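So the structure is just underneath, and the comments pick up after that.
In our numbering, the protein residues as written are 2 to 116.
The following block contains the structure:
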C-alpha cells in the first residue's frame, strides 16, 4: 500500500485559495455573501500568480448580471494577460459548489493566519 506524502503548509494554503476562488466564481445570484469574502480577502496576497490574477479579475466583475458572469470573467482574464487560463484550468472553478458562508469565512481567517 502506498502512502501519500503529507501536505505541506504551502499546499494547504494553495488548496484554501482554490476553494475560496471556487466560491467567488459562482454567479452572485447563487451566493449573495460573496462580497463579504472579497472584502475580507482584499489585502491578501495569493501565493499562486494564477490565483491572484483570478481574484483580481473576480473582484472587478459586476455581479448584477449573473447570466453573463462567465463571459465577463473569461474576457477579463484574457485582458489581464492570461488568454490561455480558460483552457488551462478555469473549468473546475466554475463548477457549482455548495460551500457555505461559515466555511468560506473560516477559510478566509485561516489564510489570514497563514500569511
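All C-beta atoms in this analysis are idealised placements derived from N, C-alpha and C, irrespective of residue type, glycine included. None of the values given here were measured: they were computed from a predicted structure.
Contact between the region 94-106 and the region 77-86 is absent, with fewer than three C-beta pairs closer than 8 Å. Contact between residue 61 and residue 77 holds: their C-beta atoms lie close to 7 Å from each other, under 8 Å. Looking from the CA of residue 110, the closest CA among 65, 9, 74 and 21 belongs to 21. Out of 36, 45 and 9, the CA that lies nearest to the CA of residue 114 is found in 45. The continuous alpha helix (DSSP H) containing residue 13 extends over residues 10-25. Residue state for residue 83 is assigned as coil, using DSSP reduced to three classes. Inter-residue distance for residue 85 and residue 16 is about 21 Å (C-alpha atoms, whole angstroms). For residue 34, the secondary structure class from DSSP, reduced to helix, strand or coil, is coil. Taking 8 Å as the cut-off, the Cβ atoms of residue 14 and residue 106 do not count as close.
Under a 10 Å Cβ-count criterion, residue 18 is classified as buried, with 16 or more other Cβ atoms of the shown protein chains found around its own Cβ.
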